[in-house]
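K.L.:
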Amino acid sequence: MSSGEITASSGARQRIRSFSAVVWVVGALILAGIAYNTYLNVGIGDNGFGILGEAEYPWREADPTVFEDRDGDTWSGTGNGVIRIPLEEHQQDPYIASLGPGSTEDDRIVLSASNVDDANDPDADREWPDLISYIRMDDRVPVLPGNGVLELWVEADGDWSLTLEKTEVEEITDGIVGGKGDAFLVYRGDAVSARFQHKGDGLFYVTIQTAGGESDRPIIESGDVNERLSWQPADGGVYFTIESDAENGAWTIDIDELATDAPVEPTPDPASPDPTPTPAALPAQPAPDTTASRPTRGTPRE
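Per UniProt numbering, the very first residue in the sequence shown carries number 1; after that it's consecutive.
(1) According to DSSP, what are the bridge partners of Phe240?
(2) Note down the Cα distance separating Tyr95 from Ala194, rounded to an integer number of angstroms.
(3) Using 10 angstroms around the beta-carbon of Gly100, count the other beta-carbons present and answer buried if the total reaches 16, otherwise exposed.
(4) Within the continuous beta strand (DSSP E) that includes Glu88, where are the two ends?
(5) Between the stretch 109-128 and the stretch 146-153, can you find at least three pairs of beta-carbon atoms closer than 8 Å?
(6) Using CA atoms only, rank isn't needed, just tell me which of Pro58, Leu131, Gly77 and Thr74 is closest to residue 372.
(7) If you reduce the DSSP assignment to three classes, tell me which class Trp160 lands in.
(8) Counting only runs that start and end within the stretch 109-182, where is the beta strand (DSSP E) found for 3 or more residues in a row?
(9) Name the DSSP beta bridge partners of Gln197, please?
(10) Rounded C-beta distance between Phe240 and Ile219? I'm assuming under 8 Å.
(11) DSSP three-state call for Glu221: helix, strand or coil?
(12) Relative to the C-alpha of Val116, which residue among Asp106, Tyr187, Arg84 and Ala97 is closest?
(13) Between the stretch 199-215 and the stretch 234-250, are three or more C-beta pairs nearer than 8 Å?
(14) Using the C-alpha atoms, what's the distance from Asp182 back to Asp118?
(15) In angstroms with no decimal places, state the Cα-to-Cα distance between Asp121 and Glu56.
(16) Name the DSSP beta bridge partners of Ile96, please?
(17) On the CB-based measure, 16 or more other CB atoms within 10 Å of its CB, does Gly72 come out buried or exposed?
(18) Enumerate in chain order the residues of its own chain whose CB-to-CB distance from Asp159 is below 8 Å, with the five nearest sequence positions on each side excluded.
(19) Give every residue of the same chain whose Cβ lies closer than 7 Å to the Cβ of Asp224, excluding the five residues on either side of it in the sequence, and list them in chain order.
(20) Go through its chain and collect everything with a Cβ distance to Arg136's Cβ below 6 Å, but skip five positions before and after it.
(21) Just mark Asn80 as buried or exposed, buried being the case when its beta carbon has 16 or more other beta carbons within 10 Å.
(22) Quick check on Ser230: buried or exposed, where buried means 16 or more other Cβ atoms within 10 Å of its Cβ?
(23) Could you name the residues that DSSP lists as bridge partners for Gly77?
(24) What does Ile83 pair with, by DSSP beta-bridge criteria?
(25) Output the distance between the C-alpha atoms of Gly236 and Ile30, rounded to the nearest integer angstrom.
(26) Below 8 Å on the Cβ atoms is my contact criterion, and I expect Pro142 with Phe184 to pass it. Report the Cβ-Cβ distance as a whole number of Å.
(27) Measure the CB-CB distance between Phe196 and Glu227 and report whether it falls below 7 Å.
(28) Mapping the DSSP letters down to three states, classify Ile51 as helix, strand or coil.
(29) Comparing C-alpha positions only, which one of Ala62, Trp128 and Gly189 sits nearest to Glu257?
(30) Identify every residue that forms a DSSP beta bridge with Val192.
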């Protein structure tokens, strides 16, 4: 070994490797925390989508802007704020939300809804609302009011208009329903899963939503689809929004049947004989006299 070479013992090398691993893990955790906080603060700011501070979320403001300027079913405003619709007006009827007249391809609204129990809470007690959707041109998004004030939070860049139209909904009562094209349906039974099928070459989108819950679009497909989906039970039922090409496919929803809590007793067959009743226990008899003669087994008695 030359005088210029430096070596480390095996113990020293092990300590160096352990220290490097610890530094790497700590650094990774710090970066993950920064990334998560950045994700939570992404929204629409003055210059479009970007990083928002905590105070820029309208539900974090002590005195958020309440939008009351409306023309029939269309609300309008500028920037972020809240729309409140009392129970007496919506009566828990579903709405379809879309961008209002005058909107362009560049316009978009982030729409969220407070839980009914959190509506009108002061900012210190206000919970994060449930995201309904990012609404863009030509989008039609269901909004399901709960049993109370409907509190909708709007996040937008600049001027906007939002139309909320009450809509008819088809009730699923027979356990299976099918059709072509778009549909808006509700199931109010006890089952929590169903099979969704599509036959054809067209698009097939399925959105599942419950009142007071977030909207989920688990199927974004084209062509043949055969999937079973489940949902959490909720008061008011579960709503399905179907988007499909009426000319290029047909779809069905088959609700899974629930198993009964206990097996059902079979109905007896009238043609079958009655089962033989279990005989009652016989009284005890004295032991037989072992000295008496007995016939041989199989031999007739004299």
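The beta carbon of each residue, even a glycine, is placed where N, CA and C say it ideally should be. Bear in mind the structure is a predicted one, so any value in this text is a computation, not a measurement.
P.N.:
Answer, in terms of the structure:
(1) As a working note, residue 240 is residue 240 in the sequence shown. In the DSSP secondary-structure assignment, Phe240 is bridged to Leu185 and Ile208.
(2) In the sequence shown, residue 95 corresponds to position 95, counting from 1. In the sequence shown, residue 194 corresponds to position 194, counting from 1. Between Tyr95 and Ala194, the C-alpha separation is close to 24 Å.
(3) Walking along the sequence shown from the start, residue 100 turns up at place 100. Label assigned to Gly100: buried.
(4) The residue labelled residue 88 in the question sits at position 88 within the sequence shown. That residue, Glu88, is in no beta strand (DSSP E); its alpha helix (DSSP H) goes Leu87 to His90.
(5) yes
(6) A question about residue 372 goes unanswered here, because the residues of the chain that appear run from 1 up to 302.
(7) As a first step, residue 160 must be located in the sequence shown, where it is residue number 160. Here Trp160 sits in strand by DSSP.
(8) 130-136, 141-143, 150-155, 159-166 and 176-179
(9) Working through the sequence shown from its first residue, we reach residue 197 at position 197. In the DSSP output, where bridge partners are listed per residue, Gln197 has Asn226 and Thr252.
(10) Stepping through the sequence shown from its first residue, residue 240 is reached at position 240. Stepping through the sequence shown from its first residue, residue 219 is reached at position 219. Not quite, the Cβ-Cβ distance comes to about 10 Å (not below 8 Å), so this is no contact.
(11) Position 221 of the sequence shown holds residue 221. Here Glu221 carries a strand assignment [DSSP, helix/strand/coil].
(12) Against the sequence shown, residue 116 aligns to sequence position 116. Cα-wise, what sits closest to Val116 is Arg84.
(13) yes
(14) Residue 118 sits at position 118 when you count from the first residue of the sequence shown. Residue 182 sits at position 182 when you count from the first residue of the sequence shown. Roughly 33 Å separates the two Cα atoms.
(15) Working through the sequence shown from its first residue, we reach residue 121 at position 121. Working through the sequence shown from its first residue, we reach residue 56 at position 56. Their backbone Cα atoms lie some 18 Å apart in a straight line.
(16) Here the question's residue 96 lines up with position 96 in the sequence shown. Partner residues in the beta bridge of Ile96, as assigned by DSSP, are Pro142 and Glu165.
(17) The count along the sequence shown starts at 1 and reaches residue 72 at position 72. Exposed, since its Cβ has fewer than 16 Cβ neighbours within 10 Å.
(18) Position 159 of the sequence shown, counting from 1, holds the residue named residue 159. Counting only Cβ-Cβ distances below 8 Å, and skipping sequence neighbours, we find Ser76, Gly77 and Thr78.
(19) As a working mapping, residue 224 is identified with position 224 in the sequence shown. Answer for Asp224: His198 and Lys199, listed in chain order.
(20) Counted from its first residue, the sequence shown places residue 136 at position 136. Within the same chain, Arg136 has close Cβ partners Arg108.
(21) As a position in the sequence shown, residue 80 is number 80, starting the count at 1. Flag for Asn80 reads buried.
(22) Within the sequence shown, the letter at position 230 stands for residue 230. It is exposed - the Cβ of Ser230 has fewer than 16 other Cβ atoms within 10 Å.
(23) By one-based count along the sequence shown, residue 77 stands at place 77. Paired residues: Trp160.
(24) Against the sequence shown, residue 83 aligns to sequence position 83. Note: Ile83 sits in a beta bridge opposite Leu152.
(25) What you label residue 236 is simply residue 236 of the sequence shown in a count that begins at 1. What you label residue 30 is simply residue 30 of the sequence shown in a count that begins at 1. The alpha-carbon atoms of Gly236 and Ile30 are separated by roughly 43 Å.
(26) Start at 1 with the first residue of the sequence shown, and residue 142 comes out as number 142. Start at 1 with the first residue of the sequence shown, and residue 184 comes out as number 184. Confirmed, Cβ separation roughly 7 Å.
(27) Against the sequence shown, residue 196 aligns to sequence position 196. Against the sequence shown, residue 227 aligns to sequence position 227. Cβ distance < 7 Å, so Phe196 and Glu227 count as in contact.
(28) As a working note, residue 51 is residue 51 in the sequence shown. With a pLDDT of 42 at Ile51, under the threshold of 50, the modelled position of this residue cannot be trusted; read the value that follows with caution. Residue state, collapsed to three classes: strand.
(29) Numbered from 1 along the sequence shown, position 257 holds the residue referred to as residue 257. Checking every option, the nearest Cα to that of Glu257 belongs to Gly189.
(30) Here residue 192 refers to the residue found at position 192 when the sequence shown is read from its first residue. Partner(s): none; Val192 has no beta bridge.
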